[in-house]
Amino acid sequence: MRIAYNGFYQMRIEFLGGVRTVTGSATLLEKGSSKWLVDCGMFQGGKELEERNWDIQPYHAKELSLILLTHAHIDHSGLIPKLVKEGFRGKVICTKATLDLCEVMLQDSGHIQEMEAGWQNRKSKRSGGKEAAPLYTSEEAKRSLQYFQPVRYDEMLSLTDGIKVRFQDAGHILGSAIIELWVEEEGQEKKLVFSGDLGGPDQPIVRDPSWVEEGDVLWLESTYGNRLHKSREETVGELLEIIQDAICDQAKVVIPAFAVERTQDIIYTIGQLIRKGSIPTIPVYIDSPLAISATEIFKRNSDCFDQDTKNILLRGENPFEIPGIIYTQTTEESKAINEDSRPGIIISSSGMCDTGRIKHHLKHHLWRETSHIVFVGYQGEGTIGRRIVDGAKSVRLFGEEIVIKAHIHTLGGFSAHADQKGLLGWLSHLKNPELEVFVNHGEEKISMELGQLIREHFHLKTTIPQWREKRGLFSSKEIVMPERAVLEEGRKEISTSSETLSRLFMNLDKNYKRLRRKLRNLRPRREEVEDPRLLGPLEEINKKLEELESKL
Ligand SMILES: [Zn+2]
Ligand SMILES: [Zn+2]
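Residue numbers (our numbering): 137 to 688.
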């Protein structure tokens, strides 16, 4: 049954991801027959979440005219190739640095998908199971790039469907943006603001996040909404101590780091420590082909750098070429790192230890008492990194249980995300007392905590959306659309809408559960259940339900 709508339209949204979790960021905006998406991220961290990557029907790939992309991280961009594969032919608007990064990151993601499908297939062949296909291939990821269209920071763009958009620096990773979106609603212009992932105030390489002063609705990230980071200076001091300890013990420091931004940030920091003479020149392995490509992209996009980094360039130095640095491209080079007995530093990805070469280094070092494992980025729920940080005694790697005896450190000050103070500070620049805030991109408990603080500090209407929640945008009421649904089959009109129906379903569910609870409590007192006053209506309800079922 296909239903077509007519009548007048209000802006509607659906939260497709990045709500009550940090991955899968995506918001569907809909007005009449126009559909746009802000971010199109992949879900990561456990089977249950990752299954969402396969059901992309709610993204309406064929009907979307635009995807506005805040930044290149896979939890924001990772499903774009899948949407293109399913028929998306609109435009993906992002900054030039984001496009450059997506070029390597999406293909790398496709490569990982192919490897995982291959691994699954080998397993299912042995057990006689079904063949697994990758979510998308590296080649499909490459093909999706033709739909990308770069935009400059601060440039006002007028797009199809009468919307205007502007990208401002979010200070999170190279090319990351806050997206401002102007739409018309009932003859009035309204402004939506998507914070994307927001950086902290003293992050190296990238500039500080831009302030936004006007807006009607805000999507605010909350990754570290319940935490305060140590200062950059303190954090660098801690890293210095760890490296000095490792040098004393002739040991290694292993740093799982996201290939983009975290790795360059750590290279930059270690470079400064070596240049200042705080540590001697030791081997610093960058063991991640993706990080190597990303570093090249950083070198090409120096216009995105902050003043400190520009000054280093002006002095004729390269912030990403430090004494002792060894970039390892091939698997053979990667394996050779284990034969180097000198004290040194290994930086490898993925940052949450679920995939990539870092797993080999963990296998080699977790059980050694003198090794140091330093976590510098966010560790999502359900990941290997999170288990180690949470104090697991052992972890399973490549089918082997590895005991954890190494020193485990977490240095929050290297985070590419603003902490609680940073988020509230950024929000304080938005002056509209009528502003509505959707707190997203955070674990449930953390988003709620930040939401509560926003209510207390700023007295703003604050919501922690649910996954797949749909609503009208500028109305606090639950939406009851004035549109009439037209049943195409037989051209017979029906006077209901999907929203009314979903509300009815919710009520039915609620009432059914309440009734069952009451009946269960009554069960021991048989005489009351058999009360004719109760039996009659129950029989009637059952009959109605059966009737309804037979009609559908
Ligand atoms: Zn990010
Ligand atoms: Zn993110």
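Heads up, the beta-carbon is just placed ideally off N, CA and C, and yes, glycines get one too.
Just mark residue i as buried or exposed, buried being the case when its beta carbon has 16 or more other beta carbons within 10 Å.
i, result
"F534", "exposed"
"I677", "exposed"
"A554", "buried"
"C384", "exposed"
"Q339", "buried"
"D526", "exposed"
"E370", "exposed"
"M292", "exposed"
"V372", "buried"
"K218", "buried"
"S470", "buried"
"E563", "Per the sequence shown, the amino acid found at residue 563 is Leu instead of Glu. Under this definition L563 is a buried residue."
"W172", "buried"
"W255", "exposed"
"R156", "buried"
"R652", "exposed"
"T598", "buried"
"A427", "buried"
"K495", "buried"
"Q180", "buried"
"N576", "buried"
"Y360", "buried"
"R493", "buried"
"E476", "The sequence shown places Asp at residue 476, rather than the Glu named in the question. When all chains shown are included, D476 counts as exposed."
"P459", "exposed"
For residue i, does the three-state DSSP call read helix, strand or coil?
i, result
"P345", "coil"
"P455", "coil"
"Q256", "helix"
"A430", "helix"
"L547", "coil"
"D297", "helix"
"D290", "coil"
"T163", "strand"
"S414", "coil"
"V396", "coil"
"T371", "helix"
"V174", "strand"
"Q324", "strand"
"L364", "coil"
"E625", "Here E625 scores only 34 on pLDDT, less than 50, and its place in the model is too uncertain to base an answer on."
"Q180", "coil"
"D191", "coil"
"D305", "strand"
Note the first and the last residue of the continuous alpha helix (DSSP H) segment covering residue i.
i, result
"C440", "Per DSSP, C440 belongs to no alpha helix (DSSP H) and is neither H nor E."
"Y421", "First-last for Y421: V420 to D423, but that is the beta strand (DSSP E), not the alpha helix (DSSP H)."
"N334", "Just to set this straight, residue 334 is Leu in the shown sequence, not Asn. From DSSP, L334 is part of no alpha helix (DSSP H); its letter is neither H nor E."
"D210", "As written in the sequence, residue 210 is Ile, which differs from the Asp given in the question. Start and end: I210 to S213."
"L219", "I216 to K221"
Within the continuous beta strand (DSSP E) that includes residue i, where are the two ends?
i, result
"P392", "K388 to P392"
"W355", "V353 to E357"
"A313", "A313 to E321"
"A277", "First-last for A277: S274 to S280, but that is the alpha helix (DSSP H), not the beta strand (DSSP E)."
"G689", "With the chain covering only 137 through 688, there is no way to say anything about residue 689."
"I229", "K227 to T231"
"L185", "Here L185 belongs to no beta strand (DSSP E); instead the alpha helix (DSSP H) covers K183 to E186."
"S201", "L200 to L204"
Q.
For the pair the segment 522 to 539 and the segment 335 to 345, tell me if three or more CB-CB distances fall below 8 Å.
A. At 8 Å Cβ cutoff, the stretches do not touch.
Q: Evaluate contact between the segment 439 to 449 and the segment 496 to 513, counting only Cβ atoms and requiring at least three cross-stretch pairs below 8 Å.
A: The answer is no - the segment 496 to 513 does not touch the segment 439 to 449, with fewer than three Cβ pairs under 8 Å.
Q: Scan the segment 456 to 543 and note each continuous beta strand (DSSP E) run of 3 residues or more that stays entirely inside, going in chain order.
A: If we require 3 residues or more, the beta strand (DSSP E) runs fully inside the segment 456 to 543 come out as 461 to 463, 480 to 484, 508 to 511, 530 to 533 and 536 to 539.
Q: Taking only runs that begin and end inside the segment 549 to 614, name each unbroken alpha helix (DSSP H) of 4 or more residues, in chain order.
A: Look at the segment 549 to 614 and you find these whole runs of alpha helix (DSSP H), each 4 residues long or longer: 556 to 563 and 580 to 594.
Q. Would you call the segment 598 to 608 and the segment 378 to 393 touching, i.e. three or more CB-CB distances under 8 Å?
A. In this structure the segment 598 to 608 does not lie against the segment 378 to 393, because fewer than three pairs of beta carbons, one per stretch, are closer than 8 Å.
Q. What residues come near ligand 3, if near means a beta carbon less than 5 Å from any of its heavy atoms?
A. This structure lacks ligand 3; the ligands present are ligand 1 and ligand 2.
Q: Would you check if the segment 394 to 404 and the segment 588 to 601 touch, i.e. whether three or more CB-CB distances between them fall below 8 Å?
A: Per the Cβ contact rule, the segment 588 to 601 is not in contact with the segment 394 to 404 (fewer than 3 Cβ pairs under 8 Å).
(Q) Does the segment 158 to 177 come into contact with the segment 203 to 219, if we say contact requires no fewer than three beta-carbon pairs (one atom in each stretch) closer than 8 Å? (A) The answer is yes - the segment 203 to 219 touches the segment 158 to 177, with three or more Cβ pairs under 8 Å.
Q.
Check whether the segment 247 to 263 and the segment 231 to 239 are in contact - that is, three or more C-beta pairs closer than 8 Å.
A. Counting Cβ pairs under 8 Å, fewer than three are found: no touch.
Q: Could you tell me whether the segment 464 to 481 touches the segment 512 to 520, using the rule of 3 or more Cβ pairs below 8 Å?
A: Between the segment 464 to 481 and the segment 512 to 520 there are fewer than three inter-stretch CB-CB distances shorter than 8 Å, so the stretches are not counted as touching.
Q.
Using a Cβ distance threshold of 8 Å, determine whether the segment 283 to 290 contacts the segment 302 to 315, with at least three qualifying pairs required.
A. Taking a contact to require three or more Cβ pairs closer than 8 Å, the segment 283 to 290 and the segment 302 to 315 qualify as touching.
Q.
Quick check: the segment 347 to 357 against the segment 446 to 463, are at least 3 beta-carbon pairs closer than 8 Å?
A. No, the segment 446 to 463 is not in contact with the segment 347 to 357.
Q | Stretch pair the segment 319 to 327 + the segment 536 to 550: three plus CB contacts closer than 8 Å | A | Not touching, per the Cβ criterion.
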